[in-house]
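*Asks:* Which chain is which? The protein sequence lines are A, B and C, in order. The first sequence: position 71 = 71 (the numbering used here), numbered continuously. In the numbering used here, each number is its position in the second sequence, counted from 1, plus 1000. In the numbering used here, each number is its position in the third sequence, counted from 1, plus 2000.
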Amino acid sequence: MQIIRHDPGKVLSGAVEANGFVFVAGQVADDLAQDIAGQTKQVLARIDALLSKAGIDKSKILWANVWVSDIRNREAMNAAWMAWADPKNLPARATVEAKLADPRMLVEIACVAAK
Amino acid sequence: MQIIRHDPGKVLSGAVEANGFVFVAGQVADDLAQDIAGQTKQVLARIDALLSKAGIDKSKILWANVWVSDIRNREAMNAAWMAWADPKNLPARATVEAKLADPRMLVEIACVAAK
Amino acid sequence: MQIIRHDPGKVLSGAVEANGFVFVAGQVADDLAQDIAGQTKQVLARIDALLSKAGIDKSKILWANVWVSDIRNREAMNAAWMAWADPKNLPARATVEAKLADPRMLVEIACVAAK
């Protein structure tokens, strides 16, 4: 059994592979001045990049956890999600409200994918 | 490696199977007029139904994440959970408070099971 | 496929093994009079103990979900986390704010490890 850790930082790794799965850390937008649509798009691009490092793509996502800082932003987040998601390969998902690390952060998404 | 997606909708799938695991999306009650006991019972029935589509049952649940809209409802949620759970096969679980998609939603549960 | 359940209680198991993974239930501190640093340390010690029952250690953690009752405690939680974590084997992680079961609980952590 081999564990591969991508983008290790001081506190956490960006993604970790083991036993046929890839666990992606909670991603937030780089540009926190953007609205929920823009931040969601950035978060999803970051997930794409991490999955790519593990040699897979979004069609392999099994599960996602979405946190929005204001649940009223859920529909706008969903619109950006649907513009990105592979409609033939939609993951199971849970979306709840939570305050995030920075008050300007509107959305954070973590996921698990198959490899 | 085969990925099987149950109950795909426009945004997410109800449950996704891969590599010996089943990931069940966050489930909420159908009848949001019910109290926490009634909503929890409905949520757990929906989980039963999704696990059944994957050919397994609640005895195979490994992990659950429970979100209650008011943490003071935790005991009443637990009572409904214990009435349903297989006492010989209790999953690991985390329960925290979170605002859910609709203000009438009192509980949401997601889980991971073995297949 | 064998499922092994550690520390089963009335509501949940402390950790569950299956298919090469160990799922650890959300852990909270025993001494709720402690501050965020002390509570985080206790939570991490409890995770160490549960992983040990499954025959592994923190170097095998793939994913962690951290809930802090006040997101402003995130840096102090991170300091305790970094003092504990294996810097060569950092998990993917998501940290969000959530009210926990008892108002004195400042942090709860759940994780998934490889076995």
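Here a beta-carbon is modelled for each residue, glycine too, at the ideal position from N, C-alpha and C.
Please state if the CB of A2110 of chain C and the CB of G2026 of chain C are separated by a distance shorter than 9 Å.
*Replies:* Cβ distance < 9 Å, so G2026 of chain C and A2110 of chain C count as in contact.
*Asks:* Closest to F2029 of chain C by CA distance: which of C:V2112, C:L2106, C:A2092, C:R2093 is it?
*Replies:* What sits at residue 2029 of chain C in the sequence shown is Ala, not Phe. Measuring from the Cα of A2029 of chain C, the nearest candidate turns out to be C:L2106.
*Asks:* Quick check: what's the CA-CA separation for M1 of chain A versus A54 of chain A?
*Replies:* Looking at the backbone, the Cα of M1 of chain A and that of A54 of chain A are separated by about 16 Å.
*Asks:* Which of helix, strand or coil does DSSP assign to A83 of chain A?
*Replies:* In this structure, A83 of chain A counts as helix in the three-state DSSP scheme.
*Asks:* From R2005 of chain C to A2114 of chain C, what distance separates their C-alpha atoms?
*Replies:* 15 Å
*Asks:* I'd like to know if K1010 of chain B contacts chain A, where contact means its C-beta is closer than 9 Å to some C-beta of that chain.
*Replies:* yes
*Asks:* Give, in chain order, every unbroken run of the beta strand (DSSP E) that is at least 3 residues long and sits entirely within the segment 2052–2083 of chain C.
*Replies:* 2061–2068
*Asks:* Could you round the C-beta distance between A98 of chain A and A2098 of chain C to whole angstroms and report it? I think they count as a contact, below 8 Å.
*Replies:* Confirmed, Cβ separation roughly 6 Å.
*Asks:* Any heavy atom of the ligand PLP closer than 8 Å to the CB of Q2002 of chain C?
*Replies:* No copy of the ligand PLP occurs in the structure displayed, which carries no ligand at all.
*Asks:* Exposed or buried, which one is R1093 of chain B when buried takes at least 16 other CB atoms within 10 Å?
*Replies:* Under this definition R1093 of chain B is a buried residue.
*Asks:* Measuring straight from C-alpha to C-alpha, what distance separates Q1034 of chain B and S1059 of chain B?
*Replies:* 26 Å
*Asks:* Would the beta-carbon of L1062 of chain B fall within 9 Å of that of V1112 of chain B?
*Replies:* yes
*Asks:* Using a C-beta cutoff of 9 Å, does V16 of chain A count as contacting chain C?
*Replies:* Closer than 9 Å: yes.
*Asks:* Rounded to the nearest angstrom, how far is the Cβ of L2090 of chain C from that of P87 of chain A, given a contact under 8 Å?
*Replies:* Contact flag wrong, Cβ pair sits at about 34 Å.
*Asks:* With distances taken from CA atoms, which of A:W84, A:K41, A:M82, A:S69 is nearest L1100 of chain B?
*Replies:* A:S69
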